Amino acid sequence: MIVDFAHTPDALATVLRDARAFARGGRVIVVFGCGGDRDSLKRPLMGAAAGAHADIAIITSDNSRSEDPQAIADAVELGIRSSFASYQIDLDRRRAIGLALGLAESEDVVVIAGKGHETSQTSLGVTHEFNDGEVAEEILRGMLLKGEI
């Protein structure tokens, strides 16, 4: 599992290419989104980067700030749709991370991109604590206790 701050198309492409090297023949699964109140033109480019370099993509929310998270995801989807069949949208970031981890098999690499070191999530003007790495660890512990891994 890789947690990375990649929040530009070039950075996302780079981390996904790097993840491919670690996958040892497995798949690259990415969870990512785009921030709100920022450069809206990069959203389809982020989708295209995921489509070009990941096997499975899960588009989710990532600090939508004052914007509608679904509208942001729709813009990302425009870039991924034309080149990529295996993707889905789940705006609940915790659930999206769990979905990615649940899909992963032994040689797969899960990349959780966009927030990296950040410890909060802002959506529709409300900020709450959220740390991708901690959420992933919590989900993995739960999967381990249930015998799912």
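The working numbering applies: residue 33 is where the sequence shown begins, and numbers increase by one. The beta-carbon is built from N, C-alpha and C at its ideal position, and this holds for glycine as well. All values derive from a computational prediction rather than experimental measurement.
Item: Residue 139 beta carbon less than 8 Å from that of residue 56; Value: yes
Item: Nearest-angstrom beta carbon gap, residue 93 and residue 155 [assumed within contact, 8 Å]; Value: 6 Å
Item: Run of the beta strand (DSSP E) containing residue 145, from where it starts to where it stops; Value: 141 to 145
Item: Residue 12 to residue 125 span [Cα, whole Å]; Value: Given that the chain is displayed from residue 33 to residue 181, the structure contains no residue 12 and the question cannot be resolved.
Item: Continuous beta strand (DSSP E) stretch holding residue 51: start and end; Value: Element bounds for residue 51: not the beta strand (DSSP E) but the alpha helix (DSSP H), 41 to 54.
Item: Segment contact, 8 Å Cβ cut-off, at least three pairs: the segment 34 to 52 with the segment 75 to 86; Value: yes
Item: Run of the beta strand (DSSP E) containing residue 128, from where it starts to where it stops; Value: Element bounds for residue 128: not the beta strand (DSSP E) but the alpha helix (DSSP H), 125 to 135.
Item: Residue 75, buried or exposed, once every other Cβ within 10 Å from all chains shown has been counted against 16; Value: buried
Item: Alpha carbon of residue 106 to alpha carbon of residue 173, nearest angstrom; Value: 32 Å
Item: Residue span of the beta strand (DSSP E) that contains residue 160, given as start and end; Value: 158 to 161
Item: Whole runs of the beta strand (DSSP E) within the segment 58 to 106, excluding any shorter than 3 residues; Value: 60 to 64, 88 to 91
Item: Own chain partners of residue 68 with C-beta closer than 7 Å, once the 5 adjacent residues on each side are dropped; Value: 95, 96, 97, 98, 99, 104
Item: 6 Å CB neighbourhood of residue 36 in its chain, flanking five on each side removed; Value: 47, 145, 148
Item: 7 Å CB neighbourhood of residue 161 in its chain, flanking five on each side removed; Value: 151, 152
Item: DSSP three-state assignment for residue 181, whether helix, strand or coil; Value: coil
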